[in-house]
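These protein sequence lines map, in sequence, to chains A and B.
Take 1 as the starting number for the first sequence in my numbering and just add one per residue.
Take 1 as the starting number for the second sequence in my numbering and just add one per residue.
The structure under discussion appears below in the form of structure tokens.
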Amino acid sequence: NAGVTQTPKFQVLKTGQSMTLQCAQDMNHEYMSWYRQDPGMGLRLIHYSVGAGITDQGEVPNGYNVSRSTTEDFPLRLLSAAPSQTSVYFCASRTTRNTEAFFGQGTRLTVV
Amino acid sequence: AQSVTQPDIHITVSEGASLELRCNYSYGATPYLFWYVQSPGQGLQLLLKYFSGDTLVQGIKGFEAEFKRSQSSFNLRKPSVHWSDAAEYFCAVGVYDDKLIFGTGTRLQVFP
């Protein structure tokens, strides 16, 4: 049982480069979210989705794009990476708003 | 806007001592409440959750939490801490607009 799978686990980007962080879940969860974790700031919500074709912004959406074409996948796109986007990124999924969220193992991104 | 406050950034306890981690939320109605634990380099694991009913909830690894509506609090407790409990603990709040908001976390250090 894979749960929530994030790829890659580690990535180094140069300023201005673009990339996509992948997130896939095999639990048929409707809700999916992207968070970034920075020291002393906890997990901050970037974008979230409550179903295929539906996305919305979280607390820190600037510089990130998302789409949700299938229930299983929720990729996070960085269009032009900046050093301020150096962080650990977590994807999470859950059935509905009042159920447990399951997390991936995270992607450690460094922008130089 | 809704928010979650964990006032203690870092707590140190001796093995065998009792533990209480504080969590306060700001929200107009009763939210869905969660506690998660994160071991170094890992994703987040659910310890326990509160949706309604009995205000004292039991979780895994011997943890419990009490919801106090009058204080807008959801503090996590454990009667006797083990060295393996050393980790970072996050309180989270699920609200009506489908977001799951996290606090900034409390790092627990356990001395033998």
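By construction, the Cβ of each residue, glycine as well, lies at the ideal position given by its N, Cα and C atoms.
**Report entry** Identity of the residues DSSP links to N142 of chain B by a beta bridge
**Finding:** Because chain B is modelled from 1 through 112, residue 142 of chain B falls outside the range shown and cannot be assessed.
Report task. Using a Cβ cut-off of 8 Å, pull out every chain A residue sitting near I11 of chain B, in sequence order please. Result -> By Cβ distance, chain A contributes nothing, its closest Cβ being about 15 Å from I11 of chain B, past 8 Å.
Report task. Starting from the beta carbon of G106 of chain A, find every residue of chain B whose beta carbon is closer than 7 Å, and list them in chain order. Result -> G43
Requested in this report: Using a cut-off of 8 Å between C-beta atoms, extract the partners of L108 of chain B located in chain A.
Outcome: Within 8 Å Cβ-Cβ: nothing; L108 of chain B doesn't reach chain A, min ~15 Å.
Report task. At 3 residues or longer, and completely inside the stretch 8-84 of chain A: list those beta strand (DSSP E) runs for me, N to C. Result -> 10-13, 19-25, 31-38, 42-51, 54-57, 64-66, 76-78
Report task. Using alpha carbons as the reference points, say which of A:P39, A:E59, A:Q6 lies closest to L198 of chain A. Result -> Here chain A covers residues 1 to 112 and nothing more, so residue 198 of chain A does not appear.
Query - Backbone secondary structure at I101 of chain B - three-state DSSP - result: strand
Query raised in the report: So with Cβ pairs under 8 Å, would you call D98 of chain B a contact of chain A?
Result: yes
**Report entry** Three-state class that DSSP yields for S26 of chain B in the structure shown
**Finding:** strand
**Report entry** As assigned by DSSP and simplified to three states, the class of I60 of chain B
**Finding:** helix
Query raised in the report: Alpha carbon to alpha carbon, what distance is there between I9 of chain B and S18 of chain B?
Result: 18 Å
Query - Which of helix, strand or coil DSSP assigns to S3 of chain B - result: strand
**Report entry** CB contact below 8 Å: M41 of chain A versus chain B
**Finding:** yes
Query raised in the report: Identify the residues that DSSP records as bridge partners of G94 of chain B: which are they?
Result: B:Y32, B:L100
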